[in-house]
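Chemist: Residue numbers for the sequence shown follow full-length UniProt numbering, so the first one is 1 and each next one is one higher.
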Amino acid sequence: MTTRDTITRTVAELDGGDTALAFDVMRELRPHLTDADEFAELVRAQRREGYRLVVAYDETNRLVSLAGFRHMTNLYAGSHLYIDDLSTLPAARGQGHASALLRWVDDEARRLGCAGVHLDSGTPRHHAHRLYLASGFVIPAFHFAKSL
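Spelled out as structure tokens, the structure:
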């Protein structure tokens with residue numbers, strides 16, 4: 001599904017063949033990724049688990065923002081879309097690209113009959129938190145992790 005919003009921005013889902021196009025944008029969020037081919041291979045592995053990648057292009061048709069998500073079902077949330085990755089190039093921040101992607105994901109969740117959309121966000125990412133709260137997200141829990 002490809003859509004165009006009122007700010008001349010195109011939002012489209014990437015298929016497997018064009019995944020590497022999103023590498024520079026993903027590196028803004030995941031700087032440990034250093035190789036576009038390795039990134040594309042990791043995304044291919046995630047796609048086998050249901051991961052999807054939707055991107056926003058600016059008015060010059062430059063890929064500037066992305067959202068990686070998957071459809072999940074679990075006991076605490078039922079059927080929902082979970083956003084693993086949401087990233088925008090620094091020069092394109094504050095221009096509505098991530099908001100357009102969040103609206104696209106919301107529409108896709110409704111289309112799939114999901115009960116909601118979920119995501120986790122790092123505690124120091126205050127600008128992102130403002131975006132999520134303005135987009136209707138709430139903070140219902142803390143996320144805990146343990147390295148082994």
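Using N, Cα and C, we set each Cβ at its ideal position, and we do this for glycine too.
1) According to DSSP, Arg70 sits in a beta bridge with which residue or residues?
2) Evaluate the contact criterion for the region 33-44 versus the region 6-25: three or more CB pairs, one atom per stretch, below 8 Å.
3) Below 8 Å CB to CB, which residues in the same chain sit around His143 once its five sequence neighbours on both sides are set aside?
4) Excluding the 5 residues preceding and the 5 following Leu29 in the sequence, name in chain order all residues of the same chain whose CB lies nearer than 7 Å to its CB.
5) Which residue spans inside the UniProt domain "N-acetyltransferase" (9-148) form an unbroken alpha helix (DSSP H) run of at least 4?
6) Taking a contact to mean a Cβ-Cβ separation below 7 Å, would you say Thr10 touches Tyr57 in this structure?
Modeler: Quick answer:
1) Tyr82
2) yes
3) Asp120
4) Asp85 and Ser87
5) 23-29, 36-47, 97-111 and 126-134
6) Their beta carbons are under 7 Å apart, which means Thr10 touches Tyr57 by this criterion.
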